[in-house]
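Presented below is the structure to which this report refers.
Structure below.
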């Protein structure tokens with residue numbers, strides 16, 4: 270059993286990770302990590318990709334790629350650049366189908382296995398961003 274030296278959570282651009290200060294703090298071989306990460310996230314270019322890196326004392330590492338955060342998915346679906354700072358100000362709309370699509374995509378990373386509960390979670394994020402779900 271390897272001894273863990275550090276666990277780091279980061280959000281990196283899909284297929285575009287580069288060595289830098291963010292990765293230096295994780296204590297992993299940056300070139301190897303970037304090559305592996307970019308290969309695994311080639312289909313997610315342009316998206317923010319959350320990753321959890323587990324660095325071991327022998328300088329090896331493992332990483333787990335998560336799904337894109339809900340907020341950028343909502344912004345993209347609504348066709349807006351940013352959400353409202355005040356939830357009462359409506360800045361965009363998404364359809365019920367788009368809500369379902371986002372909920373199905375996020376389901377593996379949410380604390381539920383029920384699609385209806387996942388839709389409610391995503392709809393709550395929409396409300397906080399000033400985005401209305403059209404039914």
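Numbering (the numbering used here), first residue to last: 270 to 404.
Cβ coordinates follow ideal geometry from the N, Cα and C atoms, glycine included.
Residues bridged to residue i [DSSP beta-bridge criterion]
i, result
"residue 321", "278, 333"
"residue 403", "364"
"residue 273", "325"
Separation of residue j from residue i, as counted between CA atoms
i, j, result
"residue 309", "residue 391", "26 Å"
"residue 385", "residue 318", "25 Å"
"residue 286", "residue 296", "15 Å"
"residue 281", "residue 370", "23 Å"
"residue 288", "residue 303", "7 Å"
"residue 372", "residue 346", "12 Å"
"residue 290", "residue 350", "27 Å"
"residue 333", "residue 306", "10 Å"
"residue 278", "residue 322", "6 Å"
"residue 367", "residue 381", "19 Å"
"residue 335", "residue 276", "15 Å"
"residue 388", "residue 348", "19 Å"
"residue 401", "residue 365", "10 Å"
"residue 397", "residue 363", "14 Å"
Endpoints, beta strand (DSSP E) assigned at residue i
i, result
"residue 363", "361-364"
First and last residue of the uninterrupted alpha helix (DSSP H) at residue i
i, result
"residue 343", "339-347"
"residue 299", "299-309"
"residue 392", "384-398"
"residue 291", "290-293"
Contact set for residue i: own chain, Cβ-Cβ below 7 Å, skip 5 residues either direction
i, result
"residue 394", "339, 340, 343"
"residue 325", "271, 272, 273, 274"
"residue 331", "323"
Residues near residue i by beta carbon distance below 8 Å, same chain, minus five either side
i, result
"residue 313", "283, 284, 337"
Beta-carbon contacts of residue i that lie in its chain and below 6 Å, excluding the five residues immediately before and after
i, result
"residue 311", "284"
"residue 301", "none"
Original post:
With a cut-off of 8 Å, do at least 3 Cβ pairs link the region 316-335 to the region 356-364?
Top reply: no
Original post:
Is the region 369-379 close to the region 348-357, with three or more CB pairs under 8 Å?
Top reply: no
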